[in-house]
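Chains as they are written, first to last, in my numbering: chain R, 1 to 229; chain V, 230 to 609. Cβ atoms here follow ideal geometry from the backbone N, Cα and C, with glycine treated the same way. Please read these numbers as outputs of a predicted model, since none were measured by experiment.
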Amino acid sequence: MALVEIRDVHKTFQRDSQRIDVFTGLSIEVPEGTFLALMGPSGSGKSTLLNLIAGLDKPTSGTVRVAGAEVSAMTAGQLAPWRARHVGFVFQQFNLLPVLTAYQNVELPLLLAPLSKRERDERVRIALGVVGLEDRMDHYPRQLSGGQEQRTAIARAIVADPTLIMLDEPTGQLDAKSSQEVLGLLQRLNQEFHKTIIVVTHDAHAAQRAKTVLHLDKGELIEQQGVAR
Amino acid sequence: MKYFPLVLANLGRHKRRTILTIAGVALALFLFASLRTVVTTIGAAAQFGSARRLVATNATGIVFPLPLSYANRLSTVPGVEAVTWANWFGGRYGDGKRFFANFAVDPVSYLDMYPELVMPADQREAFLREKSSAIIGKRLLEVFGWQLGQDVTLQGTIFPGDWTFTIRGIYTPSDAVLNDDMLLFRHDYFDERIGRAGIAGWYVIRIDDPNRAASIAKSIDDQFKNSSTPTKTGTEQAFNATFATMWGNVRLLMGTIGTAVVFAILLVAANAMMMSARERTGEVAILKTIGFRDGTLFALVMLEAGLISLTGAAIGLGAAKLLYRATNFNAAGFLPGFDVTPSTIVIGAGIALLLMLASGLVPALRAARLPVIQALRHVE
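1) Can you tell me the Cβ-Cβ gap for phenylalanine 546 of chain V and alanine 262 of chain V, rounded? I've got them flagged as a contact below 8 Å.
2) Within this structure, are the beta carbons of glycine 62 of chain R and arginine 7 of chain R separated by less than 7 Å?
3) Taking a cut of 8 Å between CB atoms, which residues from the segment 87-104 of chain R lie near chain A?
4) Quick one: is valine 227 of chain R buried, meaning 16 or more other Cβ sit within 10 Å of its Cβ, or exposed?
5) How about lysine 46 of chain R and leucine 216 of chain R: are their beta carbons less than 7 Å apart?
6) Residues of chain V with a CB under 7 Å from the CB of aspartate 57 of chain R: which are they?
7) Please identify the residue among V:Tyr400, V:Gly385, V:Ile399 whose C-alpha is closest to the C-alpha of threonine 393 of chain V.
8) Can you give the beta carbon distance from asparagine 331 of chain V to histidine 416 of chain V, rounded, assuming they're within the 8 Å contact cut?
9) Under three-state DSSP, which class holds asparagine 239 of chain V?
10) Report the residue from R:Asp16, R:Gln92, R:Ser17 whose alpha carbon sits nearest the alpha carbon of isoleucine 515 of chain V.
11) Who are glycine 398 of chain V's beta bridge partners in DSSP?
12) Within its chain, find whatever has a CB closer than 7 Å to the CB of leucine 340 of chain V; leave out the 5 residues flanking it on each side and keep chain order.
13) Could you tell me the boundaries of the alpha helix (DSSP H) in which lysine 177 of chain R lies?
14) Measure the Cβ-Cβ separation of alanine 273 of chain V and valine 406 of chain V and say whether it is below 7 Å.
15) With DSSP as the reference, label threonine 462 of chain V as helix, strand or coil.
16) Thinking C-beta only, is glutamate 310 of chain V closer than 7 Å to arginine 425 of chain V?
17) For the structure I just gave you, are there three or more beta carbon pairs, one from the segment 170-190 of chain R and one from the segment 74-88 of chain R, closer than 8 Å?
18) List, in order along the chain, the chain R residues whose C-beta lies closer than 7 Å to that of glutamate 512 of chain V?
19) On the DSSP letters alone, give me the boundaries of the beta strand (DSSP E) that valine 22 of chain R sits inside.
20) Starting from alanine 232 of chain V, find everything on chain R with Cβ-Cβ shorter than 8 Å and list it in chain order.
21) Cα separation between valine 569 of chain V and isoleucine 126 of chain R?
22) Looking only at its own chain, which residues have a Cβ that is under 8 Å from the Cβ of serine 298 of chain V, when we skip the five neighbours before and after it?
23) Return the first residue and the last residue of the alpha helix (DSSP H) that alanine 355 of chain V is part of.
24) Counting along the chain, where does the alpha helix (DSSP H) carrying histidine 10 of chain R start and finish?
25) In three-state DSSP terms, what is glycine 511 of chain V?
26) Flag alanine 238 of chain V as yes if its beta-carbon sits less than 7 Å from any beta-carbon of chain R, otherwise no.
27) Measuring alpha carbon to alpha carbon, tell me which residue in R:Thr101, R:Gly219, R:Met166 is nearest isoleucine 197 of chain R.
28) With 9 Å as the C-beta to C-beta threshold (strictly closer), list the residues of the segment 241-261 of chain V near chain R in chain order.
29) For glycine 33 of chain R, I'd like the list of residues in its chain whose CB is within less than 7 Å of its CB, leaving aside the five on either flank, ordered along the chain.
30) With hydrogens ignored, establish whether the beta-carbon of alanine 429 of chain V is closer than 6 Å to any heavy atom of the ligand SAH.
31) I want to see whether chain R comes within less than 7 Å of arginine 598 of chain V, judged by CB atoms only; does it?
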């Protein structure tokens, strides 16, 4: 059974009087444990697809199921705890809270779980250890390099051990060296920790690291490489 | 509790703004407490007075005296237990910049009438023994640095000349509303100096039954109705209230302009708090993406607003309470017993809660209701 099932999804945006059809009957299945790269030109619907899977947005019609739950039918009140439990999200701009240290940023998702202070501490240290930032846990985002910030964001995404890790252009703001570090880390998370990863990217190097690559154009799946679908 | 570091971190984001906002709230509530205490002090002064004491003055006006011969006649009115009298002197000390009440009293009957003037027995005896002696409130010791046994000279304004008294007693009022900076001297000395014995400024009459105050007062006034100097008798409380009404306009000013100033400061503080919350729309999006519920975000923003409001309130109200108590402030004797009351603290805390709601509710609701996908546009 696929971890992510997208069936006959339509998504339409209304901007003033203009109607924009992003998806017109898109169907995709993503098996558990895959490392999927979504590629395509700007406006092809990559980020929208990511938002639909993460329950940040709703399809106009069709169903989105993740780990057996119909995300597209959930209310906002149901989605928040569902995201906390099942989704780790990484943004292009890192989006760490500037007033919190790396440790505190990584701890954020754990505040939503019924864990003791000690349990939270243990998990935060493990997550920071996985991304190689044990020695930077007391640093604020402004004291970290771009690559370190993104690794902290990845630590935040994995700390609650979510079902799915989703990344939107994770290397978009990084130099080549930092990009390789981040991509290597994602590959390790997939291979060693068997995490299911979906990454939206323009970066061909990122796509090379993925097990599966889907190409989207104008909301349609035009090409696939690997085992998805 | 686990969210507390997040709230504190947000408050520390713009330290200067947070400090200034808290200072604004503190200042507003300090002013509120001060202004309201003026009003409550005046009110308390108007309420002061024993239910068993009446005051008789000249019916024409308090500035006109009454014959001293009335004392004996007053004491024969049914229901009257004791009578004493006093005369406003209006002397000033030094450059006269520091006002304090001073008047001549009949020593034995006056101290008997006012057990609220607490003083050691030997000092009381000394006052009763020595004609040119005076007793003073303990505050005058601090104000002028006077000492027991010292001679002090007042310049008479109504009764001209230098009037020298020897301080023989220092009283402490048992009721905070009673002035602790009066100078009382002996009426017989006063009579002797002015050479016009036989006048009293007002009489104070103790009655046996407070429930009969009105009928006894009427009996007194009826007795002197057809004399050349009719009386106007009422309860001591009513007598004090007439002085309190002189503050009428001041109370109005306190109540209106003061309130307007306080709320202007509070609005500025509320605006700063709302602005701070608005700036963080992007971060709200991140927290929503992580899985923070709308209710949790609402509570976090409200908690932040509450911390600012309540910290400011604690500082402002606490400072007013401690400062006035520590300095024993009484507005140069015009506001005896000036003390921030518990009701003022409670109302001040209520204002702080209202401020929390006014400044936190809109951004908190906005943060809670903001669709995550729309909020994310602030991030991207």
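If we stick to the structure as given:
1) For the record, residue 546 of chain V in the displayed sequence is leucine; it is not phenylalanine. Confirmed, Cβ separation roughly 5 Å.
2) A distance below 7 Å separates the beta carbons of glycine 62 of chain R and arginine 7 of chain R.
3) Of the protein chains in this structure, namely R and V, none is chain A.
4) Low local confidence applies: a pLDDT of 44 at valine 227 of chain R is under 50, so the model's placement there is unreliable, with the coordinate-based value given in what follows. That one is exposed.
5) In this structure, the beta-carbon distance from lysine 46 of chain R to leucine 216 of chain R falls below 7 Å.
6) Result: Ile602.
7) Taking only the C-alpha atoms, the option nearest threonine 393 of chain V is V:Gly385.
8) About 13 Å separates the two Cβ atoms, so there is no contact after all.
9) If DSSP states are grouped into helix, strand and coil, asparagine 239 of chain V belongs with the helices.
10) Comparing alpha carbon positions, the residue from R:Asp16, R:Gln92, R:Ser17 closest to isoleucine 515 of chain V is R:Gln92.
11) DSSP lists V:Ile364 as partners of glycine 398 of chain V.
12) Excluding sequence neighbours, leucine 340 of chain V sits near Leu346, Arg353.
13) Counting along the chain, the alpha helix (DSSP H) containing lysine 177 of chain R begins and ends at 176-191.
14) A contact, by the Cβ cut-off of 7 Å.
15) Threonine 462 of chain V: strand per DSSP, three-state reduction.
16) No, they are not a contact pair.
17) No contact exists between the segment 170-190 of chain R and the segment 74-88 of chain R.
18) What glutamate 512 of chain V touches in chain R: Leu97.
19) Per DSSP, valine 22 of chain R belongs to the beta strand (DSSP E) from 18-30.
20) With the sequence shown as reference, residue 232 of chain V is identified as tyrosine, and alanine is not the correct amino acid for it. Near tyrosine 232 of chain V (Cβ distances below 8 Å), the residues of chain R are Leu111.
21) Roughly 55 Å separates the two Cα atoms.
22) Only Gly427 meet the Cβ criterion.
23) Counting along the chain, the alpha helix (DSSP H) containing alanine 355 of chain V begins and ends at 350-358.
24) Looking at the DSSP string, histidine 10 of chain R is not in any alpha helix (DSSP H); the run it does join, the beta strand (DSSP E), is 4-15.
25) Glycine 511 of chain V: helix per DSSP, three-state reduction.
26) Closer than 7 Å to some Cβ of chain R, the Cβ of alanine 238 of chain V qualifies, so yes.
27) Distances from the alpha-carbon of isoleucine 197 of chain R to those of R:Thr101, R:Gly219, R:Met166 put R:Met166 closest.
28) Residues of the segment 241-261 of chain V with a C-beta atom less than 9 Å from some C-beta of chain R are Gly241, Arg242, listed in chain order.
29) Within the same chain, and ignoring the five residues on either side of glycine 33 of chain R in sequence, the residues whose Cβ sits closer than 7 Å to its Cβ are His194, Thr196.
30) For the ligand SAH, the structure offers nothing, since it holds no ligand at all.
31) So, not an interface residue.
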